[in-house]
């Protein structure tokens, strides 16, 4: 276990890396005994610093929930991070490429909660009963720890690589569509790079939200009314470069477009 001073030091290093769009060495290489609990302590301290800077928590993200993502990263268990108000972008946004490090895109669904959601023992039925609507979303990954050799401890500490999200398309009620069969075509500069179905997220995207509620309960935290929850990617992460235009076609749920300036 790390002592409080080490937790604070790592969190502050990651804050500086975020500000400078830099990458730091693997935490697990420097702290071989670092645990998942240590990693969430780092993330909590990092998030507290951001609140002190004037930012507001608006939701949570879930990562590494699909086989596609686990195969792409070599990490086989989910994680979660915090979404702040300055991370939510509108459809059609021009995204400053230099604001992020190791920039990649993931295709997801975002759940908007109408009532609080508490674990433990939360199920997908509990999730669906408190969801106001579901809307297409793209996640912009922003990694500040070396990618090669990362473990779950590294990703958790780095706020699960959450950079930003772009909301778009058509919000739907959970009874309007079979969420398992929501699909997307992901384009980079008019070329399809990835496709996927939302069932790739733990067989149902609401399962990811239930997992998160149960995980947060271990830290005496709930998902609050009005929160956005990114349920996890159902495609592999797609690398983007300066000047790229990204377009995701969700069929009947509409589309999302953004450009990296």
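In the working numbering, the protein residues as written are 176 to 436. For glycine and all other residues, C-beta sits at the position ideal for the given N, C-alpha and C. If you're wondering where the values come from, they're calculated on a predicted model, not measured in any experiment.
By Cβ distance below 6 Å, which residues in the same chain neighbour residue i in space, the five residues on each side in sequence not counted?
{"i": "residue 416", "result": "none"}
{"i": "residue 425", "result": "311, 344 and 359"}
{"i": "residue 217", "result": "182, 185, 186 and 332"}
{"i": "residue 281", "result": "314, 408 and 412"}
{"i": "residue 290", "result": "305 and 400"}
{"i": "residue 394", "result": "none"}
Which residues in the same chain have their Cβ closer than 8 Å to the Cβ of residue i, if we skip the five residues on either side of it in sequence?
{"i": "residue 254", "result": "237, 238, 239, 327, 330, 331 and 335"}
{"i": "residue 183", "result": "220"}
{"i": "residue 176", "result": "208, 210, 212 and 213"}
Quick check: what's the CA-CA separation for residue i versus residue j?
{"i": "residue 308", "j": "residue 402", "result": "11 Å"}
{"i": "residue 383", "j": "residue 195", "result": "32 Å"}
{"i": "residue 204", "j": "residue 212", "result": "17 Å"}
{"i": "residue 379", "j": "residue 319", "result": "30 Å"}
{"i": "residue 178", "j": "residue 189", "result": "17 Å"}
{"i": "residue 206", "j": "residue 322", "result": "16 Å"}
{"i": "residue 346", "j": "residue 427", "result": "10 Å"}
{"i": "residue 292", "j": "residue 232", "result": "16 Å"}
{"i": "residue 419", "j": "residue 193", "result": "22 Å"}
{"i": "residue 258", "j": "residue 202", "result": "22 Å"}
Do residue i and residue j have their CB atoms nearer than 9 Å?
{"i": "residue 364", "j": "residue 294", "result": "no"}
{"i": "residue 356", "j": "residue 377", "result": "no"}
{"i": "residue 284", "j": "residue 361", "result": "no"}
{"i": "residue 297", "j": "residue 399", "result": "no"}
{"i": "residue 288", "j": "residue 263", "result": "no"}
{"i": "residue 337", "j": "residue 303", "result": "no"}
{"i": "residue 349", "j": "residue 374", "result": "no"}
{"i": "residue 410", "j": "residue 366", "result": "no"}
{"i": "residue 432", "j": "residue 266", "result": "yes"}
{"i": "residue 230", "j": "residue 273", "result": "no"}
{"i": "residue 180", "j": "residue 404", "result": "no"}
{"i": "residue 278", "j": "residue 386", "result": "no"}
Near residue i, what residues of its chain come up, given a Cβ to Cβ distance below 7 Å and the 5 sequence neighbours on each side ignored?
{"i": "residue 351", "result": "none"}
{"i": "residue 430", "result": "343, 344, 422, 423 and 424"}
{"i": "residue 269", "result": "434 and 436"}
{"i": "residue 275", "result": "196, 315, 317 and 338"}
Based on DSSP bridge pairs, tell me the residues matched to residue i.
{"i": "residue 422", "result": "362 and 432"}
{"i": "residue 413", "result": "280"}
{"i": "residue 258", "result": "234"}
{"i": "residue 285", "result": "310 and 405"}
{"i": "residue 264", "result": "341"}
{"i": "residue 183", "result": "Bridge partners of residue 183: none, in fact."}
Q. Taking only runs of the alpha helix (DSSP H) that begin and end inside the stretch 193-255, which ones reach a length of at least 4 residues, in chain order?
A. Within the stretch 193-255, the alpha helix (DSSP H) runs of at least 4 residues that lie entirely inside it are, in chain order, 202-205, 211-227 and 242-248.
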